[in-house]
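Structure record follows, encoded as structure tokens.
Numbering (the UniProt record's numbering), first residue to last: 1 to 426.
This is the structure we're talking about:
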């Protein structure tokens, strides 16, 4: 049995030596000679006897465990390894099947809870509710660990050596997607096992809350409500973990797949060019470059035609636009009307029975969009008070427009009439 105080004291005392060894133990076991060389590299002033005594202490405290059938090779104790990984904030991605197994156990616990409630066994009901709450917390802990492990997978793929092929750099990403993300998508789907299991447990708890109010309380309602809230938190956490995983890994996976397709297509094209020349590649498959290329790849006939065209190149004459445009019937171009001019003209025409009719009279040859702009601009002018008219059709120079026009009045005259009509208090 591991003695907690002595092990913790040894870990705290030798942490500077154990932490670098964790990375080596993550890759596998270490022989006795490898352990000695690693410790000698970290403790330059130590003697072989000091290293031997230190290893004896670690073996005696079960920090180092000999490998079965290989007594000269050692590995970290599994519990010590997990504890050190927790301290170093390392997260190992678990299996999606573990979550599915937890869900099956939650469904069984929901059945036990229903049976205990039916026979009115309060003690067994409270015990099963505590077990259900513990298992839900285990699922939440696993989802949080998996999310951090997925972040570590993406970071390792992005920061790995750029010299190795992309397929090897993203091998862990592709494996994680196939082994964890894809099954997780099917599990958390709307009709998947996760949603069905959560729904079953939730229905049992809600039915118990209703039945307790009718038949009497066996357990506190707060325990049921806390468990129900934790189950909803588990459901939300699973969806967020899956969304985060897709945001992290899907771009890397698509990049690896796209790179493989481009590489495979380029290799096939180069092989065909080497055998039969560039004419063997279909023209539809050749990319159209939008900028001059630094190299030219072609057959002898194409090179001769290209040089021949260069030798007899004649630039086309440049045609510059004329400095002015000619107007029909010798009329001078008319400047566009300003907002101030149009508002003043509209104000002079008040009271105006129909704004759109007035615009058509002012601009009989005006474009439809310009007339609609002035209609919208003048109808929103604060100087005028508007009254909505019935819908009718108006014929512009280009189109037939159906709208509800406005009758415009002066806002100042209207305000003066209103103030005169109000009797003054004596």
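Glycine is no exception: its CB is placed at the ideal position from the N, C-alpha and C atoms.
Since this is a predicted model, take the numbers as computed values, not measurements.
- Beta-bridge annotation (DSSP): residue 394 is paired with 401.
- One alpha carbon belongs to residue 41, the other to residue 49, and they sit about 15 Å apart.
- Here residue 311 is exposed, its C-beta having fewer than 16 other C-beta atoms within 10 Å.
- Taking one beta carbon from each stretch, the stretch 233-251 and the stretch 135-155 have 3 or more pairs nearer than 8 Å; the two touch.
- About 5 Å separates the CB atoms of residue 241 and residue 143; that is less than 8 Å, so the two are in contact.
- With fewer than three CB-CB distances shorter than 8 Å, the stretch 93-111 does not count as touching the stretch 61-74.
- Assignment of residue 72 by DSSP, reduced to helix, strand and coil, places it in the strand class.
- By alpha-carbon distance to residue 379, the top candidate from 348, 360 and 343 is 343.
- In this structure, the beta-carbon distance from residue 407 to residue 383 does not fall below 8 Å.
- Note on geometry: alpha-carbon atoms of residue 361 and residue 337 lie some 15 Å from one another.
- About 6 Å separates the beta carbon of residue 355 from that of residue 375, a gap short enough to meet the 8 Å contact definition.
- Here residue 404 has 388, 389, 390 and 391 as same chain residues with Cβ atoms under 7 Å from its own Cβ, once five neighbours each way along the sequence are excluded.
- In the three-state scheme derived from DSSP, where H, G and I count as helix and E and B as strand, residue 31 is classed as strand.
- The C-beta distance from residue 74 to residue 30 rounds to 6 Å, short enough to meet the 8 Å contact threshold.
- Nearest C-alpha to residue 109 among 127, 353, 79 and 185: 127.
- By alpha-carbon distance to residue 186, the top candidate from 309, 97 and 277 is 97.
- Under the three-state reduction of DSSP output, residue 349 falls in the coil class, being neither helix nor strand.
- According to the DSSP assignment, residue 218 belongs to no alpha helix (DSSP H), since it is labelled neither H nor E.
- In this structure, the CA atom of residue 253 is about 7 Å from the CA atom of residue 170.
- For residue 249, same chain residues with a beta-carbon under 8 Å away, outside a window of 5 residues either side, are 150, 153, 154, 173, 176, 177 and 181 in chain order.
- Straight-line spacing of the CA atoms in residue 12 and residue 63 works out to 13 Å.
- In this structure, residue 364 and residue 399 do not form a Cβ contact; the two beta carbons are roughly 14 Å apart against a cut-off of 8 Å.
- Rounded to the nearest whole angstrom, the C-alpha separation of residue 158 and residue 339 is 58 Å.
- Taking the C-beta atoms as reference points, residue 35 is found no nearer than 8 Å to residue 8.
- The beta carbon of residue 61 sits closer than 8 Å to those of 2, 3, 6, 7 and 10, all from its chain and outside the five residues before and after it, given in chain order.
- Around the beta-carbon of residue 47, fewer than 16 other beta-carbon atoms lie within 10 Å, marking it exposed.
- Under the three-state reduction of DSSP output, residue 314 falls in the coil class, being neither helix nor strand.
- Counting C-beta atoms within 10 angstroms of its own C-beta, residue 229 has fewer than 16 neighbours from the protein chains shown and is therefore classed as exposed.
- A straight line joining the alpha-carbon of residue 217 with that of residue 195 spans about 29 Å.
- In the three-state DSSP reduction, residue 126 falls in the helix class (H, G or I).
- Look at residue 367 here: in three-state DSSP terms it is coil, with no helix or strand label.
- In this chain, the beta strand (DSSP E) harbouring residue 64 covers 64-67.
- Taken through DSSP and simplified to helix, strand or coil, residue 388 comes out as strand.
- Of the residues 245, 238, 32 and 200, the one whose Cα lies closest to the Cα of residue 114 is 200.
- By the 16-neighbour rule on beta-carbons within 10 angstroms, residue 307 is exposed.
- For residue 53, the enclosing alpha helix (DSSP H) starts and ends at 48-60.
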